[in-house]
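A.B. asks: Mind the numbering: the sequence shown is residues 202 to 357 in my numbering, read in order.
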Amino acid sequence: HASYEDRHSMPYTMAVIHEVQRVANTVPLSVFHCTTKDTTLMGYNIPKGTFVIPNLTSVLKDEGQWKFPHEFNPANFLNDQGQFVKPEAFMPFSAGPRVCLGEGLARMELFLVIVTLLRRYQFVWPDDAGEPDYTPVYGVTLTPKPYRMYIRPRET
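Written out as structure tokens, the structure is:
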């Protein structure tokens, strides 16, 4: 069985999990924030008391922050030695004092569930399903279009 401590010896797995979060970005807009003082940002004057909704997608796909901003590539989270690194621009749980309170628990659950599922099962795209359509369905959250997949127990 995998434990959460195993993540330190599994840099590629950690990179894949983080890259899925970066690319999938299921909650693209963060919670409302409010400016506490008059602010100028990139030449725009933002008065005190203005509601601001952070667009996390803009950071998670920023060309100046990622080696491969527009494609799925776990190398976005690996250094030249193959070690896992988490860039400052990685913020799928929002940022600042109102960051998601469940972030730590979610990270642990993501790691343990994904590692356990991949260890026990093979996920196979059906031959007759054609090419996957990665176009998201937009709403309060981003979700994938419905699809079929075969899940087979791995031989132990």
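Even for Gly, the Cβ is constructed at its ideal location relative to N, Cα and C.
Hey, would you say R308 sits closer than 9 Å to R355, going by beta carbons?
C.D. replies: No, the pair does not count as a contact, with Cβ atoms beyond the cut-off.
A.B. asks: For a minimum of 4 consecutive residues, which ranges assigned as the alpha helix (DSSP H) are wholly contained in the segment 253 to 341?
C.D. replies: 257 to 261 and 304 to 321, all fully within the segment 253 to 341.
A.B. asks: Hey, would you say H219 sits closer than 9 Å to P275, going by beta carbons?
C.D. replies: Taking 9 Å as the Cβ cut-off, H219 and P275 qualify as a contacting pair.
A.B. asks: I'd like to know whether the C-beta atoms of K238 and K249 end up nearer to each other than 9 Å.
C.D. replies: Going by C-beta atoms, K238 is nearer than 9 Å to K249.
A.B. asks: If you draw a straight line from the C-alpha of S295 to the C-alpha of Y213, how long is it?
C.D. replies: One C-alpha to the other measures close to 24 Å.
A.B. asks: Tell me which same chain residues have a C-beta within less than 7 Å of the C-beta of N226, skipping the five on either side of it?
C.D. replies: Around N226: L257, T258, L261, P293 and L343.
A.B. asks: Among D328, P327, V228 and T251, whose alpha-carbon lies nearest the alpha-carbon of C235?
C.D. replies: Out of D328, P327, V228 and T251, T251 has the C-alpha closest to the C-alpha of C235.
A.B. asks: By how many angstroms is the C-alpha of I254 removed from the C-alpha of G244?
C.D. replies: Between G244 and I254, the C-alpha separation is close to 18 Å.
A.B. asks: State the Cα-Cα distance for the pair E310 and A216, rounded to the nearest angstrom.
C.D. replies: Looking at the two C-alpha atoms, the distance is approximately 15 Å.
A.B. asks: Taking just the CA atoms, how far does T357 sit from V232?
C.D. replies: About 45 Å.
A.B. asks: Between Q266, K268 and W326, which has its C-alpha nearest R353's C-alpha?
C.D. replies: The shortest C-alpha separation from R353 is found at W326.
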